[in-house]
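What follows is a set of notes on a single structure, which appears directly below.
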RNA sequence: GGCGACGUAGCCAAGGGGUCAAAGGCGGAGGUCUGCAAAAUCUCUACUCAAGGGUUCAAAUCCCUUCGUCGCCUCCA
């Protein structure tokens, strides 16, 4: 079955064609680890994970590389601007390296809690400085750089199609009026490949290079590491939509200048999660919610994942607790129904091909997860399918959705609870309603609820 | 100032020239069931897709205008 993906380069859905039959090389722009990931960040990784799972579902072998940015990004505030790592370190009284380790671990914990399959290769920028230097040398020897005021700059004027991803219009300088221009730049779009001149004396992260002691520019890590692990040309590069005009534009410029040919075949970008009055959730704005915040409020990470899958990745999603509550209710209902299915029958070996196909088409159509969820509900509520048939379909769907549907088990009720329930059942037979209600209350205190049925009852964890 | 996206039921959200009297979820209403409660189940919940024009045999879907919301142009998912 065809796979359609919206390529930012063409702004269209394109039929996916891999460089190598049956294989996908996938690069995901990872996190800058100077603070916790917020749920907006996490959306990008759930998206990348869904993408990867879709390929696995289609039988592809996926080589997935993700970077961890642990160096070199400056805060935006000009007056107090400092390296984000350094700022984090000062804030918490730790070294930059401790900050990096701590938040990298926290990030991976979040990924795991969301059932995100970890990348084949995770690479840290600071461990690949040599690769970056090597790449800058290549760019330099190809004639795309100049040195000014101590820094090595990329000369965007040498690249005729600079800005093609973002469709930047380069003729008007005033377009960049908001940006404090660096007097050493020849062109406002030029960017630094290697810094030896920096504003902050105490910069802890420094390396020797052919251009002097310093640290790499903001974009080179992704170019250097992706080519190291995926080759100088690969299939897919993902990231947040904010990366299009600067980060990815510059990655493309560097890479194509270094390699002398096109670099990435498909660019996929996920839209933002916005908060409140449609305000962007951002670490620098300080209005962020972490996964842990949600867990503390009583939500399960799977519920957040369900919530995300309910919207297409290319659409802005306005986060509200009300909407998340909707996802929570839906997940609870799914868990109940699936638990009941498992009580009655085991999955059958061959899932219904018609419905499987419907699901398959939805996810292959540019990851239409909302439609995929609709198919899931269609299956769950179907009157024509046997429980085992439903379960086998659900197991298949969950390979992509990763909501933990396959792991739902029939509940084991503690003996004391089931004994109380038995007593209550007897009281009901005796029409001793008072005693029955008291017992229900007692069971409820132990965290279970009794649901009376036609001939019997059911106990369920609350 | 420049670039881009979006505006579909109470809420979240698919669809993106005819198969749409517009998926799905949440919520709500009513029925069945029932000692009570809950659960389950059934039915209902947009004659309409921000507004106004236009193109077309045909528009929620294309074009234009207006209004509104948001994002990017600075590190950012």
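Numbering (my numbering), first residue to last: 287 to 748. Just so it is clear, CB atoms sit at the ideal spot from N, CA and C, and this is done for glycine as well.
DSSP bridge partner residues for residue i (one or two, in chain order)
i: residue 739; result: 742
i: residue 501; result: 481
i: residue 333; result: Residue 333 pairs with nothing; no bridge assigned.
i: residue 546; result: Beta-bridge pairing links residue 546 to no other residue.
i: residue 410; result: 354
i: residue 747; result: 734
i: residue 323; result: Answer by DSSP bridge pairing: none, since residue 323 is not bridged.
i: residue 523; result: 313 and 553
i: residue 651; result: 290
i: residue 493; result: 500
Terminal residues of the beta strand (DSSP E) in which residue i lies
i: residue 478; result: 477 to 481
i: residue 710; result: Note, residue 710: premise wrong, no beta strand (DSSP E); alpha helix (DSSP H) at 701 to 715.
i: residue 290; result: 290 to 293
i: residue 300; result: 298 to 301
Three-state secondary structure assigned by DSSP to residue i
i: residue 532; result: helix
i: residue 643; result: helix
i: residue 724; result: helix
i: residue 416; result: helix
i: residue 349; result: strand
i: residue 556; result: strand
i: residue 404; result: coil
i: residue 312; result: strand
i: residue 734; result: strand
i: residue 551; result: strand
i: residue 342; result: helix
i: residue 538; result: helix
i: residue 694; result: coil
i: residue 604; result: strand
i: residue 362; result: Residue placement at residue 362 is flagged as unreliable, the pLDDT there being 40, under the threshold of 50; the coordinate-derived value follows with that caveat. Coil at residue 362, not helix or strand.
N- and C-terminal bounds of the alpha helix (DSSP H) containing residue i
i: residue 684; result: 673 to 687
i: residue 397; result: 382 to 399
i: residue 518; result: It is not in any alpha helix (DSSP H) - residue 518 carries neither H nor E in the DSSP assignment.
i: residue 610; result: 607 to 630
i: residue 657; result: 655 to 666
i: residue 593; result: 587 to 595
i: residue 378; result: 370 to 378
i: residue 578; result: 577 to 582
Proximity below 8 angstroms, CB of residue i to CB of residue j
i: residue 310; j: residue 348; result: yes
i: residue 318; j: residue 370; result: yes
i: residue 475; j: residue 518; result: no
i: residue 510; j: residue 418; result: yes
i: residue 577; j: residue 351; result: no
i: residue 530; j: residue 294; result: yes
i: residue 688; j: residue 395; result: no
i: residue 452; j: residue 535; result: yes
i: residue 381; j: residue 600; result: no
i: residue 694; j: residue 734; result: no
i: residue 337; j: residue 653; result: yes
i: residue 430; j: residue 444; result: yes
i: residue 636; j: residue 673; result: no
i: residue 502; j: residue 597; result: no
i: residue 604; j: residue 560; result: yes
i: residue 440; j: residue 539; result: yes
i: residue 665; j: residue 680; result: yes
i: residue 313; j: residue 512; result: yes
i: residue 594; j: residue 628; result: no
i: residue 508; j: residue 321; result: no
**Asked** Residue ranges of each beta strand (DSSP E) run of no fewer than 3 residues wholly in the stretch 426 to 455, ordered along the chain?
**Response** 431 to 434 and 437 to 440
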